[in-house]
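So the sequence shown is numbered by the working numbering: it starts at 49 and just counts up by one.
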Amino acid sequence: MWSMTPSREHGPLPDFLVGLTVVSGLVDSFSYLTLGHVFVANMTGNVVFLGFALSGTGEVSVVDSLLALLAFVFGAAIAGRIAAKRPPHRGHLLAAGAAAQALLVLIAAVTTSALHSTSVRLTLIALLAIAMGGQNAVVRRLGVPDLTTTVITRTVAGLVADSAARPVLARRLASVTALLTGALLGGTLLRWAPIGAPLWLAATLLLACAAGVYRMTRGPAAEAWR
């Protein structure tokens, strides 16, 4: 991976958060294209969709949007409470969060075999939204700027509105590109591969992130970015 950090403060964390941004694109492509008009990572979109649903326009489900929002909040609340009891190293927090998230995404991937059922579809929305809420809580605790992993509106604005150093601009551009890449991969897999393929890939990336960041916490330079 290529480093985007202007200092040693965050170590390899920005690189791993770019990977989590790809995961966000993958799971949102799956949820939007197969579960109906609903996001499980981008809650800004869900709030807008909920407004459409309440107005009775746009063929958007109130239940789906509200379930995704509530499940996301639940996941963020649980992960936030755990993250508040901060482990000795930020890398350990990210590794644990990514591993737990991978488990939920794997369960969702297995469940796609029964996607024709309404109850299964709602379960998938809840599982994935809980996973992405947890991801957001962990990322907030890590405190790496410009890499929220799910929402890039401010990041896009920052690319052109601020005068920033090249490493900062590179980090912002990487965030936008990663989300686009995840959505592109998700859409392509849904077109040419089994329906659960985006989730299997997302789970693989999460496990790779967990293993990779944990390994780096054991290196001699890990103290600099704890």
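Note that the Cβ used here is the ideal one computed from N, Cα and C, for glycine as well.
- The DSSP-derived three-state label of F87 is coil.
- Here DSSP, grouped into helix, strand and coil, assigns E107 to coil.
- Of the candidates A132, A116, G139 and T105, G139 places its Cα closest to the Cα of V261.
- In this structure, DSSP gives T197 a state outside helix and strand, which the three-state scheme calls coil.
- The Cβ neighbour count for L102, taken over all protein chains shown within 10 Å, is under 16; the residue is labelled exposed.
- In this structure, N94 places its C-beta atom within 8 Å of the C-beta atom of L117.
- The stretch 121-137 and the stretch 179-196 touch, with no fewer than 3 CB-CB distances between them shorter than 8 Å.
- Counting other Cβ atoms within 10 Å of its Cβ, W240 stays below 16 and is therefore classed as exposed.
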